[in-house]
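Q: Those sequence lines, one after another, are chains A and B. Residue numbers for the first sequence follow the numbering used here, beginning at 171 and rising by one. Residue numbers for the second sequence follow the numbering used here, beginning at 33 and rising by one. Cβ coordinates follow ideal geometry from the N, Cα and C atoms, glycine included.
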Amino acid sequence: MVTRDKFGLFNLSNSLVFSLYALVCVFPLYYILVLTLSDNQWAASGVLVLYPKGFHLQNYVNVLRFEGILPAMFVSVLKTVVGTACTLLGTSFLAYLFTKKGMFLRKALYRFVIISMYFNAGLIPWYINMRNLQLTNNFLGYIVPYIVMPFYLILMKTYMESIPPALEESASIDGAGTLQVFFRIIFPLSRPILATVAVFESVNQWNNLKDNLFLMTRSRLHTLQYILYNYMSEVDALAARMRSQAGAGLGSSAISLTPMAVRMTVAMLVVLPILFVYPVLQRHFAKGIMLGAMKG
Amino acid sequence: MSRRDRSGLLSPTAGKPRIRQDVRLFLMALPFLALIFVFSYLPLYGWIYAFFDFRPGFRLADCEFRGLFFFRLMVSDPVSRGEVIRVLTNTFAISGLNLSIQVLPLFFAVFLVEIRSSRLRRTVQSLTTMPNFLSWPLVFAFAYSMLSVDDGFINRLLVQVGALGNPVNFLASSDHVWLTQTGYLVWKTLGWTAIIYLAAISSIDSELYEAAEIDGADRFRIMRHITIPHLLPTFFVLVLLSIANFLNNGMEQYFVFQNALNKDRIEVLDLYVYNIGIRSGMMGYNYSFATAVGVLKSLVSVVLLFVANWGSKRIRGVSIL
Chain A
171 MVTRDKFGLF NLSNSLVFSL YALVCVFPLY YILVLTLSDN QWAASGVLVL
221 YPKGFHLQNY VNVLRFEGIL PAMFVSVLKT VVGTACTLLG TSFLAYLFTK
271 KGMFLRKALY RFVIISMYFN AGLIPWYINM RNLQLTNNFL GYIVPYIVMP
321 FYLILMKTYM ESIPPALEES ASIDGAGTLQ VFFRIIFPLS RPILATVAVF
371 ESVNQWNNLK DNLFLMTRSR LHTLQYILYN YMSEVDALAA RMRSQAGAGL
421 GSSAISLTPM AVRMTVAMLV VLPILFVYPV LQRHFAKGIM LGAMKG
Chain B
33 MSRRDRSGLL SPTAGKPRIR QDVRLFLMAL PFLALIFVFS YLPLYGWIYA
83 FFDFRPGFRL ADCEFRGLFF FRLMVSDPVS RGEVIRVLTN TFAISGLNLS
133 IQVLPLFFAV FLVEIRSSRL RRTVQSLTTM PNFLSWPLVF AFAYSMLSVD
183 DGFINRLLVQ VGALGNPVNF LASSDHVWLT QTGYLVWKTL GWTAIIYLAA
233 ISSIDSELYE AAEIDGADRF RIMRHITIPH LLPTFFVLVL LSIANFLNNG
283 MEQYFVFQNA LNKDRIEVLD LYVYNIGIRS GMMGYNYSFA TAVGVLKSLV
333 SVVLLFVANW GSKRIRGVSI L
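1) Just curious, the alpha helix (DSSP H) that Met326/A is in, first and last residue?
2) Residues in the same chain with beta-carbon distance under 6 Å from Val325/B, minus the five sequence neighbours each way, listed in chain order, please.
3) At which residue ranges does the stretch 245-307 of chain B contain complete alpha helix (DSSP H) runs of 4 or more residues, listed in the order of the chain?
4) Cutting at 6 Å between CB atoms, please list the residues of its own chain near Asp344/A, excluding the five before and the five after it.
5) Within 8 Å of any Cβ in chain D, is that where the Cβ of Arg433/A sits?
6) Going residue by residue through the stretch 177-221 of chain A, where are the continuous alpha helix (DSSP H) segments of at least 4 residues, counting only ones entirely within it?
7) DSSP on Phe97/B, reduced to helix/strand/coil?
8) Between Ser423/A and Gln211/A, what straight-line distance do the alpha-carbon atoms span, to the nearest angstrom?
9) Here's the rule: buried if 16 or more other CB atoms are within 10 angstroms of the residue's CB, otherwise exposed. What is Phe97/B?
10) Would you mind working out which of Tyr396/A, Val369/A, Arg390/A sits nearest Asn382/A, comparing C-alpha positions?
11) Beta-carbon of Ile310/B versus every beta-carbon of chain A: anything under 8 Å?
12) Please state whether the Cβ-Cβ distance between Phe102/B and Phe267/B is less than 8 Å.
13) Tell me the start and end of each unbroken alpha helix (DSSP H) in the stretch 333-398 of chain A that is at least 4 residues and wholly inside, in chain order.
14) Pull out every residue of the stretch 291-323 of chain A whose Cβ sits closer than 8 Å to any Cβ of chain B, in chain order.
15) Measure the Cβ-Cβ separation of Pro88/B and Asn299/A and say whether it is below 8 Å.
16) CB-CB under 6 Å to Leu186/A, same chain, minus the five flanking residues each way: which ones, in chain order?
17) So who's on the other strand from Phe84/B, going by DSSP bridges?
18) Along the alpha helix (DSSP H) that carries Ser158/B, what are the first and last residues, could you check?
19) Residues in its own chain within less than 8 Å of Ile275/B by CB, not counting five upstream and five downstream?
20) Where does Leu328/B fall in DSSP's three states?
21) Please name the residue, chosen from Thr257/A, Met287/A, Ile285/A, Ile444/A, that lies closest to Trp470/A on a Cα-to-Cα basis.
22) Output yes if chain B places a C-beta closer than 8 Å to the C-beta of Thr328/A; else output no.
23) Comparing the C-beta of Lys380/A with each C-beta of chain B, is any distance below 8 Å?
24) In the stretch 144-163 of chain B, which residues sit with their C-beta less than 9 Å from some C-beta in chain A, listed in chain order?
25) At a cut of 8 Å, does the stretch 179-194 of chain A reach the stretch 406-414 of chain A through at least three beta carbon pairs?
26) Any beta carbon of chain A sitting closer than 8 Å to that of Thr323/B?
27) I'd like the list of long-range same chain contacts for Leu42/B, defined as Cβ closer than 7 Å, with 5 residues on each side in sequence excluded.
28) Could you tell me the distance, in whole angstroms, from the CA atom of Val204/A to the CA atom of Ile236/B?
29) Mind checking the stretch 272-289 of chain A against chain B and listing, in chain order, the residues whose C-beta falls within less than 9 Å of any C-beta there?
30) Is any beta-carbon of chain A found at less than 8 Å from that of Val271/B?
31) Does Leu182/A get closer than 8 Å to chain B when you measure Cβ to Cβ?
32) Curious, which full-length beta strand (DSSP E) runs of at least 3 residues does the stretch 242-271 of chain A contain?
33) For a contact defined as C-beta to C-beta under 7 Å, what are the partners of Phe58/B on chain A?
34) Would you mind sorting Ala226/B into buried or exposed? The rule is 16 or more other CB atoms within 10 Å of its CB.
35) If you draw a straight line from the C-alpha of Phe71/B to the C-alpha of Asp183/B, how long is it?
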């Protein structure tokens with residue numbers, strides 16, 4: 171009986187600690203959402219905001235009218251969609267070629283690809299290289315470096331090797347060439363692993379700040395992540411943007427923008443796509459953990 | 033169809049089509065291999081900038097050859113030496129802390145599976161994994177929403193309950209930078225990394241647990257003698273990987289959290305190279321000096337990787353490469 175009580179206490183406190191930690195993980199998100207939907211003057215007045223008051227959507231309407239926000243959303247979405255598609259196609263095709271035993275120098279070339287995961291030349295040489303390739307201030311700089319990603323390649327190759335070779339052979343006998351076999355048979359049959367790579371790579375693309383930061387100075391190539399960083403860290407940039415946006419309702423009414431309201435609204439714009447794909451992401455965790463472990 | 037006809041015409045003998053197939057596969061792979069070469073191997077050429085007084089906009093041939101000058105600068109010049117020591121201290125402190133928190137996901141998983149209600153367990157798991165998928169600018173925005181002076185929830189809460197007279201600027205403070213940065217990393221990655229251990233726990237043979245329960249072992253003994261020993265191999269791999277990445281603690285996190293007040297404590301190697309090389313207008317020695325620091329970093333990282341790999345082979349008999 172004594173032990174049962176002890177375990178009851180253990181269960182209770184264990185559940186409680188985990189629930190509290192879960193709250194710590196999501197509370198900021200809730201707080202930001204409430205701030206963006208509330209009366210801006212009330213939110214800025216120093217009260218403890220726990221629920222929305224004076225509900226309105228004007229922050230979102232006004233921030234979307236900010237110069238540069240819609241183009242940045244467009245760039246972010248485009249780089250995520252195009253980048254992920256290119257990674258999937260390029261990496262899976264190379265992975266397929268590496269499953270073909272007949273390939274000239276196959277082992278050496280595979281090693282050549284894998285080794286590239288384990289070192290990098292450093293930031294400055296990489297940056298100069300990107301500039302020499304004219305990929306700075308060029309949308310392709312968001313895409314081309316990620317066409318072949320060695321770690322995804324390992325996962326895809328392993329998966330493709332588990333596809334029964336008979337399927338491929340019968341297609342070859344029917345006269346299909348390498349490309350046809352790949353697109354008609356291998357690519358569709360690899361859908362589970364491709365889906366995993368797709369969700370993880372699209373999150374990576376959406377979240378990547380570095381490529382914008384290092385490579386793109388032109389404002390029409392800026393991503394939403396960069397805008398968020400900029401508004402969060404450079405008070406002057408945000409103030410100037412808000413002043414130049416005379417129509418965005420500056421003043422002291424409930425819906426007129428405050429710097430905090432702008433920042434938090436942009437943060438919501440950045441986090442929303444992640445929240446939308448999160449349920450899909452969760453289904454791929456089991457395979458995705460290998461990706462997470464490798465990135466270290 | 034036409035492709036087959038053509039290859040039939042060009043290679044009528046039995047041996048030839050096989051060779052052609054070899055080469056054809058190779059040629060198809062070539063554009064992709066070229067990408068790997070261009071983005072991963074070609075930058076190595078840039079190491080040469082560490083040996084020249086390189087100024088952007090000039091051709092390398094027009095730059096003065098300085099030999100090991102920029103490497104010696106790190107040791108001989110007191111200012112540069114001080115900088116390098118400061119940055120290395122930050123790197124070692126933050127990486128050391130990150131290494132020491134590697135046990136947290138293990139215990140997180142071990143205790144999470146003890147939650148009786150599977151509904152609560154699943155909810156906790158999906159809520160605590162979510163931060164892993166937020167970008168660092170977002171994590172900063174989250175931290176800002178909690179900790180900023182005027183609008184931060186924590187500041188308002190502490191002032192309202194009377195624990196603080198005036199709000200504290202937590203984010204600009206240079207105190208405990210290493211610890212708070214480690215805290216943010218834990219917040220972001222703990223739930224996610226625990227999934228690796230959860231997968232390992234679910235693969236433990238349930239007969240072991242049944243046998244232990246029959247023998248009268250309580251839950252803590254079961255944890256200590258069954259669950260945790262089964263998780264140690266995974267734990268070792270993760271520790272070794274983080275040793276291999278000791279110098280590569282990334283820069284996005286420290287970049288978004290850096291400000292004038294905490295810069296001295298937060299600048300890790302990667303961030304330092306970025307700050308002096310690319311951000312600060314590329315003047316003076318910076319470009320070449322930053323490259324020289326980067327070269328040393330890359331070399332040491334490769335050594336660490338081999339050490340970690342050797343350790344893995346010694347301990348587990350499996351290579352991590």
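A: Straight from the coordinates:
1) 320-331
2) Val305, listed in sequence order.
3) 251-254, 260-276, 284-289, 295-298, 301-306
4) So the list is empty, once near-sequence residues are dropped.
5) Considering every chain present, this structure includes no chain D. Its protein chains are A and B.
6) Runs of the alpha helix (DSSP H) inside the stretch 177-221 of chain A: 210-214.
7) strand
8) 7 Å
9) With fewer than 16 other CB atoms across the displayed protein chains lying within 10 angstroms of its CB, Phe97/B is exposed.
10) For Asn382/A, the nearest C-alpha among the options comes from Tyr396/A.
11) yes
12) no
13) 335-343, 348-351, 361-377, 380-385
14) Ala291, Gly292, Leu293, Ile294, Pro295, Trp296, Tyr297, Ile298, Asn299, Leu303, Val314, Pro315, Ile317, Val318, Pro320
15) no
16) none
17) According to the DSSP secondary-structure assignment, Phe84/B is paired through a beta bridge with Phe97/B.
18) 150-161
19) Leu131, Leu336, Val339, Ala340, Gly343
20) Here Leu328/B sits in helix by DSSP.
21) It is not possible to answer for residue 470/A, since the shown part of chain A is limited to 171 through 466.
22) no
23) So yes, Lys380/A belongs to the interface.
24) Leu144, Glu146, Ile147, Arg148, Ser149, Leu152, Arg153, Thr155, Val156, Gln157, Ser158, Leu159, Thr160, Thr161, Met162, Pro163
25) no
26) It does: the Cβ of Thr323/B has a partner Cβ on chain A nearer than 8 Å.
27) Residue placement at Leu42/B cannot be trusted, given a pLDDT of 43 that sits under 50; what the coordinates show is reported in the next sentence. The answer is none, since no qualifying residue turns up.
28) 43 Å
29) Gly272, Met273, Phe274, Leu275, Arg276, Leu279, Phe282, Val283, Ile284, Ile285, Ser286, Met287, Tyr288, Phe289
30) no
31) no
32) none
33) For Phe58/B, the neighbours in chain A by C-beta distance under 7 Å run, in chain order, Met273, Phe274, Leu275.
34) For Ala226/B, the number of other beta carbons within 10 angstroms of its own is at least 16, and it is reported as buried.
35) 43 Å
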